[in-house]
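Using my numbering, the letters of the sequence shown map in sequence onto residues 91 to 345.
Yeah, the Cβ is synthetic: ideal placement off N, Cα and C, and Gly gets one too.
The model shown is predicted, which means the values in this text are computed figures rather than measured ones.
Structure record follows, encoded as structure tokens.
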Amino acid sequence: MSDPKTRARDARQITIRGAREHNLKNVDVVIPRDKLVVFTGLSGSGKSSLAFDTIYAEGQRRYVESLSAYARQFLEMMQKPDVDQIDGLSPAISIEQKTTSKNPRSTVGTVTEIYDYMRLLWARVGVPYSPATGLPIESQTVSQMVDRVLALPEGTRIYVLAPVVRGRKGEYKKELGEFQKKGYQRVKIDGAFLEIGDVKPLDKKFTHDIDVVVDRLVVRPDISQRLADSLEQCLKLAEGMAVVELADSKIERAK
Numbered sequence: 091m092s093d094p095k096t097r098a099r100d101a102r103q104i105t106i107r108g109a110r111e112h113n114l115k116n117v118d119v120v121i122p123r124d125k126l127v128v129f130t131g132l133s134g135s136g137k138s139s140l141a142f143d144t145i146y147a148e149g150q151r152r153y154v155e156s157l158s159a160y161a162r163q164f165l166e167m168m169q170k171p172d173v174d175q176i177d178g179l180s181p182a183i184s185i186e187q188k189t190t191s192k193n194p195r196s197t198v199g200t201v202t203e204i205y206d207y208m209r210l211l212w213a214r215v216g217v218p219y220s221p222a223t224g225l226p227i228e229s230q231t232v233s234q235m236v237d238r239v240l241a242l243p244e245g246t247r248i249y250v251l252a253p254v255v256r257g258r259k260g261e262y263k264k265e266l267g268e269f270q271k272k273g274y275q276r277v278k279i280d281g282a283f284l285e286i287g288d289v290k291p292l293d294k295k296f297t298h299d300i301d302v303v304v305d306r307l308v309v310r311p312d313i314s315q316r317l318a319d320s321l322e323q324c325l326k327l328a329e330g331m332a333v334v335e336l337a338d339s340k341i342e343r344a345k
């Protein structure tokens, strides 16, 4: 057995003696543990031969050898590298450099396969803010929406809108017809209020914003129930979104 000094040294470094794998010429090297170590050099100088074919191969081989015969049958056994001695080696992990993706839409997130995790992180932990007001976007109940609207000055004229399309391409002829069949008469398309029957064919090559006008009201204390019913319709039409727009086009958005 090795003495305590040797074991202490092995815990601090990896010692390689006589590495001859591929184009290595009896290389001796000492690598500190718990450090970021970089091998540099010209192409063909032996960087990969030392890192992957010697250090990783021997670390993986020793790890697999320590397992039971049953476990070893499921793992690939690597060949012993051409080296005299390696001390202080732990089980190793090798991460290969991937070739550049040919997909022009690839991002750092998709290439590294962390995109879905990052999306989940931002969706669950992140706090969204309104680009219009700078305030946090928070889910509200219908009663909370009604209270916010009734807090406006009495006599304020408002539109209750269902934002059914936001920044998407298409003609939406069929959808507009369906809204008309359900009894809705007016829509707001790309900022303009129109009767559904007067809407000209939309250019499918461009993105559009479409709001269904669910109701038009004047703020008074006695509109609570009608306002609540209209907001409920908006939430159903626009999958949880409702917009209350003032006559001066200042928007209060409820989610």
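Query                                                                                                                                                                  : Result
Is any heavy atom in the ligand HEM found nearer than 7 Å to the beta carbon of R310?                                                                                  : Ligands in the displayed structure: none, and consequently the ligand HEM is not present.
Between which residues of its own chain and G247 is the CB-CB distance below 6 Å, once the five residues before and five after are set aside?                          : In the sequence as presented, Gly is not what sits at residue 247; that position holds Arg. V308 and A337, listed in sequence order.
Is the region 145-154 touching the region 168-177 in the sense that three or more CB pairs, one from each, lie closer than 8 Å?                                        : yes
Where does G349 fall in DSSP's three states?                                                                                                                           : Residue numbering for the chain in the displayed model covers 91 to 345; residue 349 lies beyond these limits and cannot be assessed.
Going by alpha carbons, who is nearest to I185 out of E111, D293, G199 and Y146?                                                                                       : Y146
Beta-carbon separation of D301 and L242 under 8 Å?                                                                                                                     : no
Using three-state DSSP, classify R238 as helix, strand or coil.                                                                                                        : helix
Evaluate K115 with the Cβ neighbour count: other Cβ atoms within 10 Å of its Cβ, from every protein chain shown; 16 or more gives buried, anything less gives exposed. : exposed
Let's test the definition: count the other Cβ atoms within 10 Å of the Cβ of A332 and tell me whether it reaches 16, buried, or not, exposed.                          : buried
So which of P181, L321 and L225 has the shortest CA-CA distance to I104?                                                                                               : P181
By alpha-carbon positions, which one of S220, K263, K278 and G330 ends up nearest to D305?                                                                             : K278
Let me confirm a value: G134 is counted as buried when at least 16 other C-beta atoms fall within 10 Å, else exposed. Which label applies?                             : exposed
Find the nearest neighbour of A109 within the set D124, S158 and D172, judged by alpha-carbon distance.                                                                : D172
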